[in-house]
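Asks: If you scroll down you'll find the structure; I have some questions about it.
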Amino acid sequence: MRDVAVVGIGIMKWGELWEKSFRDIFTEAGLNAIDDAGVDHIDSLLVGCMSGGLFVGQEHIGAIMADYLGQKHIAAGRVESACASGGLAFRQAFIEVASGMSDIVMAGGVEKMTDVSGDGATYALATAADQEYEVFNGVTFPGLYAMMARIYMQKYKVTRRELSAIPFKSHQNGAKNPYAQYPFPIKIEDVENGVLVADPLHILDCSPITDGGAAVILTTVDIAKKLKKPIIKVIGSGLATDTISLHQRDNMIWLKSTELAGKKAYEMAGKKPEDIDLVEVHDCFSIAEALVTEALGFFKPGTGVKAAAEGLTALNGKLPVNTSGGLKSKGHPVGATGIGQVVEIVKQLRGTAENGRQVKKARVGMTQNMGGSGASGVVHIMEVV
Amino acid sequence: MFPARIWREFPQRYRREAAICKKCGKRYFPPRLICAECGGRKFETYVLPDEATVVTFTVIRVAAQQYSDMAPYAIGIVKFDDGLQMMGQIVDCDVDKLKIGMKVRLEFRKVQSHDHHGVLSYAHKFVPKWY
Ligand SMILES: [Zn+2]
Chain X
0 MRDVAVVGIG
10 IMKWGELWEK
20 SFRDIFTEAG
30 LNAIDDAGVD
40 HIDSLLVGCM
50 SGGLFVGQEH
60 IGAIMADYLG
70 QKHIAAGRVE
80 SACASGGLAF
90 RQAFIEVASG
100 MSDIVMAGGV
110 EKMTDVSGDG
120 ATYALATAAD
130 QEYEVFNGVT
140 FPGLYAMMAR
150 IYMQKYKVTR
160 RELSAIPFKS
170 HQNGAKNPYA
180 QYPFPIKIED
190 VENGVLVADP
200 LHILDCSPIT
210 DGGAAVILTT
220 VDIAKKLKKP
230 IIKVIGSGLA
240 TDTISLHQRD
250 NMIWLKSTEL
260 AGKKAYEMAG
270 KKPEDIDLVE
280 VHDCFSIAEA
290 LVTEALGFFK
300 PGTGVKAAAE
310 GLTALNGKLP
320 VNTSGGLKSK
330 GHPVGATGIG
340 QVVEIVKQLR
350 GTAENGRQVK
360 KARVGMTQNM
370 GGSGASGVVH
380 IMEVV
Chain H
0 MFPARIWREF
10 PQRYRREAAI
20 CKKCGKRYFP
30 PRLICAECGG
40 RKFETYVLPD
50 EATVVTFTVI
60 RVAAQQYSDM
70 APYAIGIVKF
80 DDGLQMMGQI
90 VDCDVDKLKI
100 GMKVRLEFRK
110 VQSHDHHGVL
120 SYAHKFVPKW
130 Y
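Chain order of the listed sequences is X and H.
So the first sequence is numbered by numbering that gives the first Met the number 0: it starts at 0 and just counts up by one.
So the second sequence is numbered by numbering that gives the first Met the number 0: it starts at 0 and just counts up by one.
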């Protein structure tokens, strides 16, 4: 395997982008990545997108994006793994460069979610669950995570206010991210006072509906040196799956796919949880962030929420989690989310995070992207060279 | 939902059936072709028990399109005494009084009635035992 580095990152302001189309959004992020890397072409493009079909009626996304990106005739394709599509695109691009199949590969992600109504978006997102045996009964994604939260809170005696510490922290960080959809702080009591979506989860426990794109350029460390760019090396990658249905798991509050993906990534990187300086995790719902930090070995089972409530995951805490604002504050354009996480980690490892959210001495960073109620988990570890 | 899809799912929707792996005894709903625990490929159909216990639940207040008329409604994961877990709506109850550990009865109820093809769909639903 060849050594692989991220040499270009492209992000854009996420939100309700009424004036921008599906292709505009991806192209803007993609061009930003190409400019940042300083490359004159890419050999291959992998686009993570969960549901172009249901959100904008567009499939065949690899080809359309390569065309509008001005990269005529390159190898291009779309990869899908629900909300983990971006993370999967990054992993496939990493494999493509590491294997020697391509030298310069763009891993991107995009979702245009506001061209359908709110219940239309709820429907599209629910296709990441088991259509015939979960969704058929009327469950939604907030509903699935609400069921996890209810078990967790009862088992570990976690209070409503303690759980609110997670979205509160996300907004503290997101307020410092100029690209975030909701770049402002919230009061902790706002969470419990917000409307109920699926008990016990309120609206501020949930990540929003977002239009957004993100892209990164991966190449070999040798080529990266010639480009004279800070070299952020990809040192670990892991992908694992679990039952699609939540009810088919014996332990519904343990994210096995994330645990296993994490183990593979740690092993490849030769790192342990205590070596990680900061992590971007898939906080699609407040409870998810706690479950992920436990599955990745940062906190013991049942202590993830309390760790957040004690400030351990804050910007100046022992392990900063979601310095970008996370899915909650930065936004969650599903297919782009996994790439947005990589953009944040690369910024942090380069030492270029904006507005005072730079983590001091950040050398090793991790991303964790998740599909469905945890049926897919993808983890990457990156290090400054 | 398209009529052929509903018809295909009759055994899972209308017959209270689940499958048991003949090699290791693991129970599945819906049935599968291969056991994820032991690799066994022979299954026997068995009849689901009447009673189950609520493992977790929520109240859906913001529903997807085809269920928005029903909201708010309770939905949960229940466990039968034999260990099989299943998801379904919890109905005929005061949603504020639901609790983990509560006993429920398995029933069939209409789950969708307003789709384009005019087909009524039914599913398993659960009714708390105190009613
Ligand atoms: Zn078996």
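Backbone N, C-alpha and C define an ideal beta-carbon position, used for all residues, glycine too.
#1: Would you report the Cα separation of isoleucine 74 (chain H) and glutamate 16 (chain H), rounded to the nearest angstrom?
#2: Got a sec: which bits of the stretch 182-199 of chain X sit with their beta carbon under 7 Å from any beta carbon on chain H, in order along the chain?
#3: In this structure, what does DSSP give as the bridge partners for asparagine 368 (chain X)?
#4: For a contact defined as C-beta to C-beta under 8 Å, what are the partners of methionine 101 (chain H) on chain X?
#5: Jot down the residue ranges of each uninterrupted beta strand (DSSP E) in the stretch 156-239 of chain X, minimum 3 residues, whole runs only, in chain order.
#6: Please report the distance separating the alpha-carbon of proline 166 (chain X) from that of aspartate 35 (chain X).
#7: Mind listing, in chain order, the residues whose beta carbon lies closer than 5 Å to a non-hydrogen atom of ligand 1?
#8: Please classify isoleucine 99 (chain H): does DSSP put it in a helix, a strand, or coil?
#9: Using three-state DSSP, classify threonine 302 (chain X) as helix, strand or coil.
#10: Return the residue from the list X:Gly86, X:Met105, X:Gln91 that minimises the CA-CA distance to alanine 65 (chain X).
#11: By DSSP's criteria, leucine 44 (chain X) is part of a beta bridge. Which residues make up the other side?
#12: Does leucine 277 (chain X) come out as helix, strand or coil in the three-state DSSP assignment?
#13: Using 8 Å as the threshold, is the stretch 130-140 of chain X in touch with the stretch 70-81 of chain X, meaning 3 or more CB pairs across them?
#14: Does threonine 366 (chain X) pass the burial test, meaning 16 or more other C-beta atoms within 10 Å, or should it be called exposed?
#15: May I have the straight-line CA-CA distance separating alanine 352 (chain X) from glycine 14 (chain X), to the nearest angstrom?
#16: Could one say the Cβ of histidine 246 (chain X) lies closer than 7 Å to chain H's Cβ atoms, at least one of them?
#17: For proline 127 (chain H), does the three-state DSSP call read helix, strand or coil?
#18: Roughly how many whole angstroms lie between the Cα atoms of lysine 25 (chain H) and alanine 35 (chain H)?
#19: So, is the C-beta of isoleucine 33 (chain H) closer than 7 Å to a C-beta in chain X?
#20: Just how far apart, CA to CA, sit phenylalanine 297 (chain X) and proline 10 (chain H)?
#21: I need the boundaries of the beta strand (DSSP E) containing threonine 52 (chain H), first residue and last residue.
#22: Which residues bound the alpha helix (DSSP H) around isoleucine 74 (chain H)?
#23: Can we say the stretch 340-354 of chain X touches the stretch 375-383 of chain X, given the rule of at least three CB pairs closer than 8 Å?
#24: Using C-beta distances below 7 Å, list every residue in its chain close to glycine 100 (chain H), excluding the 5 sequence neighbours before and after it, in chain order.
#25: Flag this pair as yes or no: are the beta carbons of leucine 119 (chain H) and lysine 128 (chain H) separated by less than 7 Å?
#26: On the three-state DSSP scale, how would you describe glutamine 111 (chain H)?
#27: Excluding the 5 residues preceding and the 5 following aspartate 114 (chain X) in the sequence, name in chain order all residues of the same chain whose CB lies nearer than 7 Å to its CB.
#28: Can you tell which of X:Gln57, X:Ser43, X:Asp274 has its C-alpha closest to the C-alpha of histidine 72 (chain X)?
#29: Please classify methionine 86 (chain H): does DSSP put it in a helix, a strand, or coil?
#30: Ignoring anything shorter than 3 residues, give me the beta strand (DSSP E) runs that lie fully in the stretch 14-40 of chain H, in order along the chain.
#31: Would arginine 60 (chain H) count as contacting chain X if we go by Cβ distances under 7 Å?
#32: Hey, is the stretch 272-286 of chain X in contact with the stretch 319-332 of chain X, meaning 3+ C-beta pairs nearer than 8 Å?
#33: Return the Cβ separation of proline 48 (chain H) and aspartate 80 (chain H) in integer angstroms, given the expectation that the two are a contact with Cβ distance under 8 Å.
#34: At the 7 Å Cβ level, is alanine 122 (chain H) part of the contact set with chain X, yes or no?
#35: For the stretch 150-167 of chain X, enumerate the residues whose C-beta is nearer than 7 Å to any C-beta of chain H, in chain order.
Replies: If we stick to the structure as given:
#1: Going by the C-alpha atoms only, they are around 20 Å apart.
#2: Answer set for the stretch 182-199 of chain X: Leu195, Val196, Ala197, Asp198.
#3: When beta bridges are read from the DSSP output, asparagine 368 (chain X) appears opposite X:Val377.
#4: Residues of chain X passing the Cβ test: none, with the nearest at roughly 13 Å.
#5: Here the runs fully enclosed are 195-197, 211-219.
#6: For proline 166 (chain X) and aspartate 35 (chain X), the distance between alpha carbons rounds to 31 Å.
#7: Proximity annotation: ligand 1 has residues H:Cys20, H:Lys22, H:Cys23, H:Lys25, H:Cys34, H:Glu36, H:Cys37, H:Gly39 in chain order, each selected because its CB is closer than 5 Å to a heavy atom of the ligand.
#8: If DSSP states are grouped into helix, strand and coil, isoleucine 99 (chain H) belongs with coil.
#9: Threonine 302 (chain X) falls in the coil class under three-state DSSP.
#10: Nearest C-alpha to alanine 65 (chain X): X:Met105.
#11: DSSP lists X:Ala75, X:Met105 as partners of leucine 44 (chain X).
#12: DSSP places leucine 277 (chain X) in strand when its eight states are reduced to three.
#13: No, they do not touch.
#14: Label assigned to threonine 366 (chain X): buried.
#15: Taken atom to atom, the span from the alpha-carbon of alanine 352 (chain X) to that of glycine 14 (chain X) is near 20 Å.
#16: Yes - at least one Cβ of chain H is within 7 Å of the one on histidine 246 (chain X).
#17: Assignment of proline 127 (chain H) by DSSP, reduced to helix, strand and coil, places it in the strand class.
#18: Distance between the alpha carbons of lysine 25 (chain H) and alanine 35 (chain H): 9 Å.
#19: No, no contact with chain X.
#20: The C-alpha of phenylalanine 297 (chain X) lies about 45 Å from the C-alpha of proline 10 (chain H).
#21: Per DSSP, threonine 52 (chain H) belongs to the beta strand (DSSP E) from 50-59.
#22: Isoleucine 74 (chain H) -> not in any alpha helix (DSSP H); beta strand (DSSP E) instead, spanning 72-79.
#23: Here the stretch 340-354 of chain X lies against the stretch 375-383 of chain X, with 3 or more beta-carbon pairs under 8 Å apart.
#24: Here the set comprises Thr52, Val53.
#25: For leucine 119 (chain H) and lysine 128 (chain H), no; Cβs fall outside 7 Å.
#26: Secondary structure of glutamine 111 (chain H) (DSSP, three-state): strand.
#27: The residues are Phe54, Val55.
#28: For histidine 72 (chain X), the nearest C-alpha among the options comes from X:Ser43.
#29: Under the three-state reduction of DSSP, methionine 86 (chain H) is assigned to strand.
#30: Counting whole runs of 3 or more residues, the stretch 14-40 of chain H contains the beta strand (DSSP E) stretches 16-20.
#31: Yes, arginine 60 (chain H) counts as interfacial toward chain X.
#32: Enough Cβ pairs lie closer than 8 Å, so yes.
#33: Their Cβ separation, rounded to whole angstroms, is 6 Å, which keeps proline 48 (chain H) and aspartate 80 (chain H) in contact under 8 Å.
#34: Residue-level contact by beta carbon holds for alanine 122 (chain H) and chain X, with a gap shorter than 7 Å.
#35: Answer set for the stretch 150-167 of chain X: Ile150, Gln153.
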